[in-house]
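Q: Numbering (mature numbering (1 follows the signal peptide of the UniProt record, and there is no 0)), first residue to last: -20 to -1, 1 to 356. Have a look at the structure that comes next, please.
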């Protein structure tokens, strides 16, 4: 009787443990979702939470999203070396994930990292694979974020490789897809980023009014989610519109607002642009003292960026070499296996032929002996 009552008790405990594990897993998943929306606001917190989730998670899918969260947080800090490091770690889980959407997210993320490094061929390879896999997605609600992200990165690449006209086409495609998604901080941040980049493209092709419109849209999107880095970038972009128009004091006012917001961010690329624009505008106003102060700041930040980029590229080359070595080792292992199989087949064939030859030899001897007995 005691034994019988013990079994249900054990089952209840096991079910409770499974339920607790499931709830814990759901909590980790929701934690990643919530934190993703705060990557631009507080990347340090996003990294801490991502590392915590990575340690506690048991499912490959959750670990993958934790790695992408950390990667994006480092990217927002312009720490491309660390960002790429965590993005590449996601590949170990690709074959263990059943969700096609997650696989596509991983491929898009790695493609973005290579785009950041200027390794465009590698970036396009990952983006093409992601786009190909997106054809397998049957749920229309899952597609907008995947396609929006893919087209955004392509726009960045084609702007550098081809022209702003081609890039603008991809930026518009991305905006079209992102606007299909219910508003949340990450989508709003994407729209701010896209409008900022459209503004830059319009500046480059001297469509000043279109540039102004897009920079102001970018500012509005950034303000709505309290994204200081996006706000500062957009303000810097708007200052360039004022500079082109000869409104140097107005440009400086916009830059002061950008500089104030950037102090909470610590983005070297952003600071470089702000200091360069300050120096250009002060030079235009013949204020040589302030021109020199900001030009020196600009050159100092430029050196820091160069050192970081050099380190990142060296690490990327190292990762590529290691990846190629691993691929070569796997290929050699497969060839070695095939060689052993062939050798086994040859030995087996040799043994069979030897046995058949011996049998035939015995039969021949018997036939000869019989023939000799008949002729005697």
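The beta-carbon is built from N, C-alpha and C at its ideal position, and this holds for glycine as well. Predicted, not measured: the structure shown is a model, and the values here were computed from it.
1) Can you list the alpha helix (DSSP H) stretches of 4 or more residues lying completely in the region 140 to 200, in chain order?
2) Measuring only the C-alpha atoms, how far is residue 90 from residue 49?
3) In chain order, what residues of the same chain lie with their CB nearer than 8 Å to the CB of residue 23, ignoring the 5 residues before and after it?
4) Assuming residue 150 contacts residue 176 (C-beta within less than 8 Å), just tell me the rounded distance between them.
5) According to DSSP, is residue 224 part of a helix, a strand, or is it coil?
6) Have a look at residue 95 and residue 182 and give me their C-alpha separation to the nearest angstrom.
7) When you compare only the Cα positions, how much space is there between residue 34 and residue 27?
8) Among residues of its own chain, excluding the 5 on either side of residue 148, which ones have a beta-carbon nearer than 7 Å to its beta-carbon?
9) For residue 344, is the classification buried or exposed, using 16 other Cβ atoms within 10 angstroms of its Cβ as the cut-off for buried?
10) Between the alpha carbons of residue 215 and residue 221, how many angstroms are there, rounded?
11) Could you have a look at residue 77 and say whether DSSP puts it in helix, strand or coil?
12) Tell me, to the nearest whole angstrom, how far the beta carbon of residue 81 is from that of residue 117; I am working on the premise that it is less than 8 Å.
13) Check each candidate in 111, 201, 105 and name the one with the smallest Cα separation from residue 169.
14) Have a look at 112, 37, 125 and flag the residue whose alpha-carbon is nearest the alpha-carbon of residue 167.
15) Would you decide whether residue 3 is buried or exposed? Buried here means 16 or more other CB atoms lie within 10 Å of its CB.
16) Name the two residues that bound the continuous alpha helix (DSSP H) containing residue 42.
17) Anyone know if the C-beta pair for residue 261 and residue 228 falls short of 8 Å?
18) With C-beta atoms as the reference, is residue 219 less than 8 Å away from residue 207?
19) Note down the Cα distance separating residue 264 from residue 40, rounded to an integer number of angstroms.
20) Can you give the Cα-Cα distance for residue 226 and residue 273, rounded to whole angstroms?
21) Run the CB neighbour count on residue 162, radius 10 Å, all protein chains shown included, and call it buried at 16 or more, exposed below.
22) Is it true that the CB of residue 114 sits closer than 8 Å to the CB of residue 107?
23) Using only CA atoms, which one of 230, 189, 210 lies nearest to residue 198?
24) Please determine, among 136, 315, 31, the residue with the shortest C-alpha to C-alpha distance to residue 154.
25) Could you compute how far the alpha carbon of residue 85 sits from the alpha carbon of residue 164?
26) Between residue 70 and residue 47, which are expected to be in contact by the criterion C-beta below 8 Å, what is the C-beta distance as a whole number of angstroms?
27) Identify the continuous alpha helix (DSSP H) that holds residue 23 and give its terminal residues.
28) According to DSSP, is residue 116 part of a helix, a strand, or is it coil?
29) Under 8 Å, do residue 88 and residue 133 count as touching if we go by C-beta distance?
30) Could you work out which residue in 44, 256, 192 is closest to residue 78 when comparing CA atoms only?
31) For residue 288, which three-state DSSP category applies?
32) Relative to the C-alpha of residue 205, which residue among 145, 173, 60 is closest?
33) Let's see if you can read the secondary structure: which residues bound the alpha helix (DSSP H) around residue 207?
A: Result, derived from the coordinates:
1) 144 to 158, 165 to 184
2) 12 Å
3) 53, 54, 56, 57
4) About 15 Å; that fails the 8 Å criterion.
5) helix
6) 21 Å
7) 10 Å
8) 178, 181
9) exposed
10) 10 Å
11) coil
12) 7 Å
13) 201
14) 125
15) Confidence is the limiting factor: at residue 3 the pLDDT is only 43, short of 50, which leaves the residue's position unreliable and the question unanswerable from this model.
16) 40 to 56
17) yes
18) no
19) 56 Å
20) 21 Å
21) exposed
22) no
23) 210
24) 136
25) 18 Å
26) 5 Å
27) 23 to 36
28) coil
29) yes
30) 44
31) helix
32) 173
33) That residue, residue 207, is in no alpha helix (DSSP H); it is neither H nor E in DSSP.
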